[in-house]
Amino acid sequence: MRFALSILRTLSALMISVTLLMFANSMFSTLLALRANIENYSNEMVGLMASAYFFGFALGTFQSGPLINRIGHIRTFAALSAIAAASAMMVLIIPDPWAWVALRAIMGAASAGLFVVVESWLNNRATNNSRGILLSIYIVIGYTASAVGQQAIKFGDPASFGLFLLVGIVLVLSLVPVSLTRATHPDPVDKPLLNIRTLFSISPTSVMGCLVAGLISSSWWGLGPVYAQEIGLTVAQISSFMTAGLIGGMVLQIPIGRLSDRRDRRLVLFGVTVSLGVPAVMLVFSELLPAWALLVSAGAFFGLSSTLYPLSVAYANDYLDSGDVVAASGGFVLIFGIGAVIGPLGASAAMRLAGPQGMFMFAIAATVLLIAFIAWRTRVRQWAPVVEKEPYILQPATPSAIGDLDPRAEVDEHYDDGPDTLDTPTPSEPSGNSFSFWLGRTGEDSEIANDSPEDGVITESVEERDTKERPA
């Protein structure tokens, strides 16, 4: 706990900015969907807005590196925060659905750039001994801030301008801590991308899992509030509905991740996909559910779906060398982005045909596709034995540059000296298990995942990992 608090104190400016950014981003996603529905825009148009966001997000994830390298992390963060704030508030000035689509794409690109700044900055400041704990703190902050952002919608009316102005204000304020920090500029961003064809040859199941994760996740964020509004929920109930999903995502990642470290990871992915159909079916018949069951179903649905991406990535990493982890993560983000662009369009079309329940019918169809694909792949390829597996790593609700923080990655000790450089303990020094829960690690797991029993850090050398035999 002392080490975790030291990280928060050392990187306080960046963490405060991250909190404000995720609060505003989560709040605006639901707020815009509700406002679009109030303006009587079709579900297809709302879905197009969500697709535009993820399209911009995918572009921003891979194109923001040159901007960061040219003007630096701090200036990039300030510029993109201002662009995101302006995009959010221009919705009030231009009440046109096609303009909103364009603004959503711009905001998606700006948001992706902001996350790349944050995650590459954190990666640059982390050491091998602090990388896992730093990732855990980042994930917890992200889910918590997003949940609070959903709850903030209760205190205003989506039909008025107050909540939109709040989003803009928070986005502008997010640049203040970073702009005032005394920290030195991190090193330039180097983001290699592994060819998708190569990824598919390494693990077809992982590619399909990331694609389906994008289909379902983007549908939830883009059309979940519309579904909740059309089944008769109030604004306060809608915010609780979306918050329940975020809580489920934070709670279920750890036990499912730990299970996948001990069992056939592909079988766990299969089980999660099958289980995902249960809350989806319950949400199709929402009129039969009491309020508490609706919230539980929402939490189970998004909680299970949020594990599809990290499970898929973890399964692929069982067949990758450590030096390829970061490069492969970029490819998986791109695959997720492709699914995220398609998802809201397909879900909105299903809602046109079947009503609000069509959104979860679309999700059920996506899960059936993944179930069938995994069942086929189990006949083609054997799974990686436990002793050869890499540990499951937490992922945020929307992946971007998070592969840079992956403790499994082969990294260099190239962080700068400055006020925000972490002074981490050496592996031989006890640092406690306070955050091992969030990493899905305890001392008893060390023989399985080769993790340090103190802080969940991988101690296996790169040479040893590179020489491990992989199944054909």
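Residue 134 in my numbering sits at position 141 of the sequence shown, and the numbers go up by one each step.
Glycine residues also receive a C-beta, built at the ideal position from the N, C-alpha and C atoms.
Let me confirm a value: residue i is counted as buried when at least 16 other C-beta atoms fall within 10 Å, else exposed. Which label applies?
i: Pro303; result: buried
i: Pro88; result: exposed
i: Glu112; result: buried
i: Ser19; result: buried
i: Thr227; result: exposed
i: Val277; result: buried
i: Arg97; result: buried
i: Pro59; result: exposed
i: Arg190; result: exposed
i: Val373; result: exposed
i: Phe468; result: There is no way to answer for residue 468, as the model of the chain reaches only from -6 to 465.
i: Ile254; result: It is Asp, not Ile, that sits at residue 254 in the sequence shown. Buried, by the Cβ-count rule.
i: Pro248; result: exposed
i: Ala307; result: buried
i: Ala273; result: buried
i: Ile64; result: exposed
i: Trp114; result: buried
i: Ala365; result: exposed
i: Ile31; result: exposed
i: Ala138; result: buried
i: Leu85; result: exposed
i: Leu4; result: buried
i: Phe148; result: exposed
i: Trp369; result: exposed
i: Arg118; result: buried
i: Gly242; result: buried
i: Leu41; result: buried
i: Leu(-2); result: exposed
Do residue i and residue j have their C-beta atoms within less than 9 Å of each other?
i: Gln350; j: Ser232; result: no
i: Ile357; j: Gly270; result: yes
i: Arg251; j: Asp311; result: no
i: Val110; j: Thr54; result: no
i: Leu127; j: Ala103; result: no
i: Ala333; j: Leu192; result: no
i: Ser299; j: Leu245; result: yes
i: Phe355; j: Ala206; result: no
i: Ile76; j: Met38; result: no
i: Ile146; j: Ala309; result: no
i: Val11; j: Gly135; result: yes
i: Val171; j: Ala6; result: yes
i: Ser305; j: Ser199; result: yes
i: Leu107; j: Leu14; result: yes
i: Thr360; j: Val289; result: no
i: Gly238; j: Leu301; result: no
i: Thr174; j: Leu260; result: no
i: Ala284; j: Gln230; result: yes
Does DSSP classify residue i as helix, strand or coil?
i: Ile224; result: coil
i: Gln350; result: coil
i: Pro272; result: helix
i: Phe428; result: In this prediction, Phe428 has a pLDDT of 36, which is less than 50 and means its spatial position is unreliable; what the coordinates show is noted afterwards. Note: Phe428 maps to coil in three-state DSSP.
i: Asn62; result: helix
i: Ile99; result: helix
i: Pro88; result: coil
i: Pro283; result: coil
i: Leu252; result: helix
i: Ala6; result: helix
i: Arg175; result: coil
Ends of the alpha helix (DSSP H) at residue i?
i: Phe154; result: From DSSP, Phe154 is part of no alpha helix (DSSP H); its letter is neither H nor E.
i: Pro303; result: Leu301 to Asn310
i: Val373; result: Run containing Val373: none; DSSP gives neither H nor E here.
i: Ser35; result: Run containing Ser35: none; DSSP gives neither H nor E here.
i: Thr191; result: Ile189 to Ile195
i: Ser279; result: Element bounds for Ser279: n/a, residue is neither H nor E.
Between residue i and the ligand GDP, is there a pair consisting of the residue's CB and a ligand heavy atom that are separated by less than 8 Å?
i: Leu85; result: By its list of ligands, the structure shown contains no ligand whatsoever, and the ligand GDP lies outside what it can speak to.
* the region 14 to 32 touching the region 206 to 223, judged by at least three CB pairs closer than 8 Å -> Result yes; three or more Cβ-Cβ pairs closer than 8 Å.
* Asked: Can you find at least 3 beta carbon pairs, one from the region 287 to 305 and one from the region 331 to 340, that sit closer than 8 Å?
  -> Cβ pair count under 8 Å is below three, so no.
* Do three or more CB pairs link the region 151 to 171 to the region 33 to 49 at distances below 8 Å? -> Below 8 Å, too few C-beta pairs join the region 151 to 171 and the region 33 to 49 to call them touching: fewer than three.
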